[in-house]
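Chains as they are written, first to last, in full-length UniProt numbering: chain A, 1 to 342; chain B, 1 to 342.
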DNA sequence: ATGAAAGCGCTAACAG
DNA sequence: CTGTTAGCGCTTTCAT
């Protein structure tokens, strides 16, 4: 038995719709796009046909004509994803709302791959590019000869004429320190990551500036080290030795804070009663798993992504846009580790 | 002074190339694509012109003609990203190699948004869709009336005729348990997440089956609870009470294992000397931050993504592909928490 | 109010 | 060996 000449899943074209509605292609187009004037009956007939055939305009054809693709590229080097994922999702969120689709590229922090992907994105005629990273360290921009706007999110270009948007690490340090002071602490130590990281330096600067405003100095030296729990454990001992009267520790990351918490406990210092503890990142599995749950600073990564996307949209739309490095305010997330029990 | 009629950044078209090389458009096309025969000199002239003008074929035009888009959609519901990100990057990796670009969509686990994004992806004429999740729990498929193939990665469709690829949780449980037995342990307890999770049940099943093979039973009850450190801490006490002679604990997640480690230490049990400890996930910040560093099971999430992508490519290519639920073997990552000091 | 025709950038078939 | 032509699906004048 020969099967009927069933139309395979070839998507319906406007031509099919026009034929089904017994109108010309041009009329069908107008009906579908609400353009031009025509008899209601005609329009309805076309729309009904489109509906029935499950017609969807081919975006390639539309884009070809309009000279637009309604796509942007999202280039990330942070395979690990801890930081860039929230940024990416924020960006995707803001772009998706505007009917812009996002091409995802993972460069694995490899400049060769990055170059390759940029090529591909441009070949695809993306209308803009968002570059995200895992560190806020300045990095060389991806070039200015690009035919589309570029924004840097959670990373910054060394080029002042690029637009970069990063967390306000300094402000985050200020927030945490103010909070510690507000709970009545005055001997505040600081344990953080490598001094080579701008984020570490900025957070520390926020702390010292805020302490200075209150006429205070950090308890002990500021301890730069690594972004690890192990360093937190070690550093806590160093700090306790250098400043035995320490009554608060602000840490450059939640991981470090957990290490500090552990050592404090083992040395018989109660958190928060004897020593208040604040982290940075609001990395929930870390912060909530801490004993007690950790007060920390949230960098609003999603917001960074959203702002980057909006900026990109503006640039694509040809609006005048600022350049330079911009920051997004951080937010304090108070938890038990700084709550003074009465 | 009138500025010269500078060509704005309008990308060069094949027409420009043809004109610059003084050939017809058709000839230019052939030269650029290595199709057809022609004088070397002509070909070179065209290629040189293309080079000089920075010509890139417009993928929209190519796709329009070929009826293909060389894009696939990646739909994730796991905004948190802990599990789906490695899967996504693995998929992106496998697809990128094949010149396929990936549209990223975050549904935030919201069926409405999912529906919306599917619509958008189909409107964009993606050639296939990968659905990823944060749990391996069966979920309703996204439908069979779709005009493109779909694969489920790190989540599974309830529909047997769909193709799903998930970690081998049971095999992971077997690996961990064998390892514990190999270090000479015989009283193995198990603390894991909610029984409602298939992953928890499978990992537990791997454990009990492996113990049974050795003529053993779990030490104490299998403790189902939550995926949290806090639960690990509580459960360890329960376990120590129920089976004081326990000499190993296999945990359903690294987070749980950390909680268990903490309680063990506080109760004076040394890890690994008195009690060996194994986790699950190989979530490095957790596993490495543990004291001592945690032996754990890696689910090979990247591989899951890669395989999903390859399967999708095969399906797109029209090759016959299997359906049903498939698993990717897990791998043991031995660290100090199970190393018997001599 | 509707239809015909041109053209977006490209490739493929066919002439010359 | 090269040029011409048709057409992918769609929108947009411009006739009718």
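By construction, the Cβ of each residue, glycine as well, lies at the ideal position given by its N, Cα and C atoms.
In this text, all values refer to a predicted model and were calculated from it rather than measured experimentally.
Drop a sphere of 10 angstroms on the beta-carbon of residue i, count the other beta-carbons inside from all chains shown, and report buried for 16 or more, exposed for fewer.
i                      : result
residue 258 of chain B : buried
residue 367 of chain B : As shown, chain B starts at 1 and ends at 342. That puts residue 367 of chain B outside it, with no answer to give.
residue 256 of chain B : buried
residue 33 of chain A  : exposed
residue 196 of chain B : exposed
residue 335 of chain A : buried
residue 65 of chain B  : exposed
residue 99 of chain A  : exposed
residue 5 of chain B   : Annotation note: pLDDT 35 at residue 5 of chain B (below 50); position unreliable, no value reported.
residue 111 of chain B : exposed
residue 303 of chain B : buried
residue 17 of chain A  : buried
residue 253 of chain A : buried
residue 106 of chain A : buried
residue 287 of chain A : buried
residue 229 of chain B : buried
residue 50 of chain B  : buried
Check residue i in the structure and name its three-state DSSP category.
i                      : result
residue 2 of chain A   : With a pLDDT of only 33 at residue 2 of chain A, under the threshold of 50, the placement of this residue in the model should not be trusted; the figure read from the coordinates follows. It is coil, neither helix nor strand.
residue 26 of chain A  : helix
residue 337 of chain A : helix
residue 185 of chain B : coil
residue 157 of chain B : strand
residue 84 of chain A  : helix
residue 106 of chain A : strand
residue 152 of chain B : strand
residue 278 of chain A : strand
residue 248 of chain B : strand
residue 116 of chain B : helix
residue 208 of chain A : helix
residue 257 of chain A : helix
residue 167 of chain A : strand
residue 223 of chain B : strand
residue 324 of chain B : strand
residue 233 of chain A : helix
residue 144 of chain B : coil
residue 178 of chain A : helix
residue 139 of chain B : strand
residue 95 of chain B  : helix
residue 129 of chain B : strand
residue 192 of chain B : strand
Just the C-alpha distance for residue i and residue j, rounded to the nearest angstrom, thanks.
i                      : j                      : result
residue 158 of chain B : residue 74 of chain B  : 19 Å
residue 126 of chain B : residue 239 of chain A : 57 Å
residue 176 of chain A : residue 137 of chain A : 22 Å
residue 37 of chain A  : residue 43 of chain A  : 9 Å
residue 331 of chain A : residue 87 of chain A  : 16 Å
residue 115 of chain B : residue 203 of chain B : 32 Å
residue 220 of chain A : residue 244 of chain A : 9 Å
residue 172 of chain B : residue 285 of chain B : 20 Å
residue 316 of chain A : residue 323 of chain A : 14 Å
residue 278 of chain B : residue 319 of chain A : 56 Å
residue 247 of chain A : residue 283 of chain A : 24 Å
residue 216 of chain A : residue 109 of chain A : 41 Å
residue 150 of chain A : residue 69 of chain A  : 16 Å
residue 56 of chain B  : residue 123 of chain A : 6 Å
residue 103 of chain A : residue 121 of chain A : 8 Å
residue 225 of chain B : residue 207 of chain B : 17 Å
residue 84 of chain A  : residue 94 of chain B  : 21 Å
residue 76 of chain B  : residue 91 of chain A  : 15 Å
residue 263 of chain A : residue 236 of chain A : 6 Å
residue 39 of chain A  : residue 45 of chain A  : 10 Å
residue 198 of chain B : residue 297 of chain B : 17 Å
residue 162 of chain B : residue 270 of chain B : 47 Å
residue 160 of chain B : residue 325 of chain B : 7 Å
residue 328 of chain A : residue 155 of chain A : 12 Å
Report the residues of the region 32 to 61 of chain B with a CB closer than 8 Å to any CB of chain A, ordered along the chain. Taking 8 Å as the Cβ-Cβ cut-off against chain A, the residues of the region 32 to 61 of chain B that qualify are 56, 57, 58, 59, 60 and 61.
Uninterrupted alpha helix (DSSP H) stretches inside the region 292 to 316 of chain A (no shorter than 4 residues): Listed in chain order, they are 301 to 316.
Looking at chain B, which residues of the region 92 to 105 of chain A have a Cβ within less than 9 Å of any of its Cβ atoms? When CB distances to chain B are screened at a threshold of 9 Å, the residues of the region 92 to 105 of chain A falling below it are 92, 93, 96, 99, 101, 102, 103, 104 and 105, in chain order.
Given a limit of 9 Å on CB to CB distance, which residues of the region 255 to 275 of chain A reach chain B? For the region 255 to 275 of chain A, the beta-carbon criterion of a distance under 9 Å to any beta-carbon of chain B is satisfied by 255, 258, 259 and 262.
For the region 282 to 298 of chain B, list every residue whose C-beta sits within 9 Å of some C-beta in chain A, in sequence order. The region 282 to 298 of chain B vs chain A, Cβ under 9 Å: 283, 284, 285, 286, 288, 289, 290 and 291.
Residue ranges of each alpha helix (DSSP H) within the region 26 to 74 of chain B, 4 or longer: Those alpha helix (DSSP H) runs which fall completely within the region 26 to 74 of chain B and span 4+ residues are 40 to 53 and 59 to 66.
By the 8 Å beta-carbon criterion, what residues does the region 210 to 229 of chain B contribute toward chain A? Answer set for the region 210 to 229 of chain B: 228 and 229.
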